[in-house]
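Engineer:
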Amino acid sequence: MINRPAAHGNPDSPTIGRPNVVKMGLLVPTFDDLFKAPGAALAEPERYYVKKEHYASGDTPAPSKLLAYRAVLSVLSILRESASLVDETMRQLIFIGKEKVVVPIQFGSMDLRGDVVGQAARLTMLFADELHLDEKRTILQTTLIEMVCSLREKDRFGFLIRNLDRLATEVDKGYRLFTSSFSYSKIRNEVETARLDFVGKIHKTIVDIQGQLLGIPVATIVVVSQLKKVPPSCGLEFWTNLGVLLGAIVFAVMLGIAGLNQWKTLNVIAAEVMRQNTRLSDDFASIADQFTDVFDDLHARIKWHRTALIVAGGVLSLGVIITAIAVWRLLPLNPWQCV
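Structure follows, in structure tokens:
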């Protein structure tokens with residue numbers, strides 16, 4: 058860059074000043090020198106030229122070292138989000154878990170050997186989905202601390218780069234374990250909540266008509282006590298017995314309607330239980346077997362309540378039939394004369 062300050066009394070005398078690095082970019086002998094340049098450990102410089110490789114920023118194709126360097130930067134962005142503290146001035150990451158671990162951001166070409174790009178892609182893919190992102194970062198932090206805590210600080214970041222495959226594998230395993238535990242716990246809670254809801258509905262089918270069912274023995278006693286033998290002249294006894302019979306029939310019909318309604322309710326509940334069981338088997342086939350006992354219990358409860366309704370209906374029908382027979386037997390030899 059040429060400046061024109063006054064020199065030797067001649068204001069027009071040109072001088073050559075220091076190059077403007079911001080405009081011209083970095084001129085470095087090797088990629089190692091590029092990686093050590095200020096700011097290059099955190100982001101790729103906008104303009105630079107590597108003399109040994111005869112490579113200028115923007116040239117294509119990019120050397121393998123540069124591709125690996127860019128992959129490391131993508132991993133570094135994830136590490137920065139997962140770190141407890143990022144000191145850009147000192148170029149270091151600080152992770153605080155069971156212990157405090159400082160990871161200086163230092164690496165060289167020797168650390169970029171191997172399939173760094175593919176291994177970095179594995180790790181970045183895990184964090185591409187924002188679902189459970191905080192949990193993934195916690196898992197990454199814990200895994201990183203375990204991997205490098207015993208190493209010297211200056212060797213830690215290079216070790217991570219050389220072992221990106223292990224880092225990605227451990228994070229993936231930790232996340233799978235978390236999601237399995239999370240899914241199972243969540244599904245178990247949902248199934249238990251549904252079970253309690255279904256049990257309440259099933260029991261309600263009997264509770265709703267419990268008063269009427271308890272009325273069956275009372276009605277039987279009333280019928281027995283009210284029936285009287287009808288004399289040949291008929292009289293009031295005939296009409297009393299007829300009224301008792303009609304009352305028993307009306308009671309049986311009303312209770313039968315209530316029982317039929319509860320039967321249909323049980324059918325709806327059974328269909329919903331079956332639907333929930335099928336959905337669980339389709340969506341979570343790997344753990345569906347662990348909830349078989351829950352659905353078997355619900356089906357058993359439904360079956361028991363259906364049996365109870367059938368027995369109640371049978372007893373009710375038998376009571377009406379017996380009442381009708383009793384009324385008929387108490388009539389005179391020619392019952393039609395009472396009509």
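When we follow the numbering used here, the leftmost residue of the sequence shown carries the number 58, and every step to the right adds one.
Backbone N, C-alpha and C fix where the C-beta goes; we use that ideal spot for every residue, glycine too.
None of these values were measured; they are calculated from a predicted model.
For the structure I just gave you, are there three or more beta carbon pairs, one from the stretch 302 to 312 and one from the stretch 236 to 251, closer than 8 Å?
Structural biologist: No: fewer than three Cβ pairs fall under 8 Å.
Engineer: Using the C-alpha atoms, what's the distance from threonine 236 back to aspartate 89?
Structural biologist: By one-based count along the sequence shown, residue 89 stands at place 32. By one-based count along the sequence shown, residue 236 stands at place 179. Spanning the two alpha carbons is a distance of roughly 40 Å.
Engineer: Would you be able to state if there are at least three C-beta pairs under 8 Å between the stretch 145 to 163 and the stretch 100 to 113?
Structural biologist: No, the stretch 100 to 113 does not touch the stretch 145 to 163.
Engineer: Across the stretch 365 to 381 and the stretch 340 to 354, are there enough close Cβ pairs to call them in contact, namely three or more that are closer than 8 Å?
Structural biologist: No, the stretch 365 to 381 does not touch the stretch 340 to 354.
Engineer: Using only alpha-carbon positions, find the residue among Leu123, Asn318, Leu312 that is nearest to glycine 371.
Structural biologist: In the sequence shown, the residue the question calls residue 371 occupies position 314. For glycine 371, the nearest C-alpha among the options comes from Leu312.
Engineer: Decide yes or no for the touch test of the stretch 193 to 203 against the stretch 132 to 139: beta carbon pairs closer than 8 Å, at least 3 of them.
Structural biologist: With a cut-off of 8 Å, the stretch 132 to 139 and the stretch 193 to 203 count as touching, because enough Cβ pairs lie within range.
Engineer: Under 8 Å: do the stretch 200 to 215 and the stretch 261 to 270 share three or more Cβ pairs, one atom per stretch?
Structural biologist: Short answer: they don't touch.
Engineer: Please tell me whether valine 351 has its Cβ less than 9 Å away from any Cβ of chain B.
Structural biologist: Absent here is chain B; the protein component of the structure consists of one chain.
Engineer: List the endpoints of the continuous alpha helix (DSSP H) containing isoleucine 202.
Structural biologist: Taking the sequence shown and counting its residues from 1, one reaches residue 202 at position 145. Taken as a continuous stretch (DSSP letters only), the alpha helix (DSSP H) holding isoleucine 202 covers 190 to 205.
Engineer: For valine 143, list the residues DSSP reports as bridge partners.
Structural biologist: Here residue 143 refers to the residue found at position 86 of the sequence shown. Bridge partners of valine 143: Leu150.
Engineer: With a threshold of 16 other CB atoms inside 10 Å of the CB of lysine 193, please say whether the residue is buried or exposed.
Structural biologist: Taking the sequence shown and counting its residues from 1, one reaches residue 193 at position 136. Answer is buried; the Cβ neighbour count reaches 16.
Engineer: According to DSSP, is glycine 357 helix, strand or coil?
Structural biologist: Along the sequence shown, read from residue 1 onward, the residue named residue 357 stands at position 300. Strictly speaking, residue 357 in this sequence is alanine, with glycine absent from that position. In the structure shown, alanine 357 sits in a helix (DSSP, three-state: H, G or I).
Engineer: Could you give the distance in angstroms between the alpha-carbon of glycine 257 and the alpha-carbon of aspartate 339?
Structural biologist: To locate residue 257, count along the sequence shown from 1; it is residue 200. To locate residue 339, count along the sequence shown from 1; it is residue 282. If I take the Cα positions, the gap works out to 26 Å.
Engineer: Which of the three DSSP states, helix, strand or coil, is assigned to glycine 66?
Structural biologist: Here residue 66 corresponds to residue number 9 of the sequence shown, with the count starting at 1. With a pLDDT of only 48 at glycine 66, under 50, the local geometry of the prediction cannot be trusted, and the value read off the model is given with reservation. Looking at glycine 66 - three-state DSSP - the assignment turns out to be coil, as it is neither helix nor strand.
Engineer: Let me check one thing: in DSSP terms, what residues is lysine 157 bridge-paired to?
Structural biologist: Taking the first residue of the sequence shown as 1, we reach residue 157 at position 100. According to DSSP, lysine 157 bridges with Ile153.
Engineer: If you draw a straight line from the C-alpha of lysine 321 to the C-alpha of glutamate 249, how long is it?
Structural biologist: Sequence index remark: in the sequence shown, residue 321 carries index 264 (1-based). Sequence index remark: in the sequence shown, residue 249 carries index 192 (1-based). Rounded to whole angstroms, lysine 321 to glutamate 249 spans 24 Å at the Cα level.
Engineer: Applying the criterion that 16 or more other CB atoms from any shown protein chain within 10 Å of the CB defines a buried residue, is lysine 360 buried or exposed?
Structural biologist: Here residue 360 corresponds to residue number 303 of the sequence shown, with the count starting at 1. Classification of lysine 360: exposed, given that the 10 Å Cβ count is below 16.
Engineer: Rounded to whole angstroms, what's the CA-CA distance from serine 166 to alanine 225? Just pull it up for me.
Structural biologist: As a first step, residue 166 is located in the sequence shown; it is residue number 109 there, counting from the start. As a first step, residue 225 is located in the sequence shown; it is residue number 168 there, counting from the start. Cα to Cα, the separation comes out at about 21 Å.
Engineer: Pick from Ala119, Arg252, Gly115, Leu388: whose alpha carbon is nearest that of arginine 358?
Structural biologist: Against the sequence shown, residue 358 aligns to sequence position 301. Here the closest residue by C-alpha is Arg252.
Engineer: Quick check on the burial criterion: 16 or more other C-beta atoms within 10 angstroms. Buried or exposed for tryptophan 385?
Structural biologist: Numbered from 1 along the sequence shown, position 328 holds the residue referred to as residue 385. When all chains shown are included, tryptophan 385 counts as exposed.
Engineer: How far does the beta strand (DSSP E) with leucine 83 in it reach, from first residue to last?
Structural biologist: One-based indexing of the sequence shown puts residue 83 at position 26. Segment 83 to 85, the beta strand (DSSP E) holding leucine 83.
Engineer: Please state whether the Cβ-Cβ distance between alanine 98 and tyrosine 105 is less than 9 Å.
Structural biologist: For the purposes of this step, residue 98 is identified with residue 41 of the sequence shown, where counting begins at 1. For the purposes of this step, residue 105 is identified with residue 48 of the sequence shown, where counting begins at 1. No, Cβ-Cβ distance for alanine 98 and tyrosine 105 is not below 9 Å.
Engineer: Quick check on DSSP: helix, strand or coil for alanine 98?
Structural biologist: As a working mapping, residue 98 is identified with position 41 in the sequence shown. Coil at alanine 98, not helix or strand.
Engineer: Mark glutamine 267 as exposed unless 16 or more other C-beta atoms lie within 10 angstroms of its C-beta, in which case mark it buried.
Structural biologist: As a first step, residue 267 must be located in the sequence shown, where it is residue number 210. It is exposed - the Cβ of glutamine 267 has fewer than 16 other Cβ atoms within 10 Å.
Engineer: For alanine 125, which residues of its own chain have a beta-carbon under 7 Å away from its beta-carbon, when the five flanking residues on both sides are left out?
Structural biologist: Residue numbering aside, residue 125 sits at position 68 when the sequence shown is read from its first letter. Around alanine 125: Leu169, Val173, Val174.
Engineer: In whole angstroms, what separates the C-alpha of asparagine 334 from that of leucine 317?
Structural biologist: One-based indexing of the sequence shown puts residue 334 at position 277. One-based indexing of the sequence shown puts residue 317 at position 260. Their Cα atoms are separated by approximately 26 Å.
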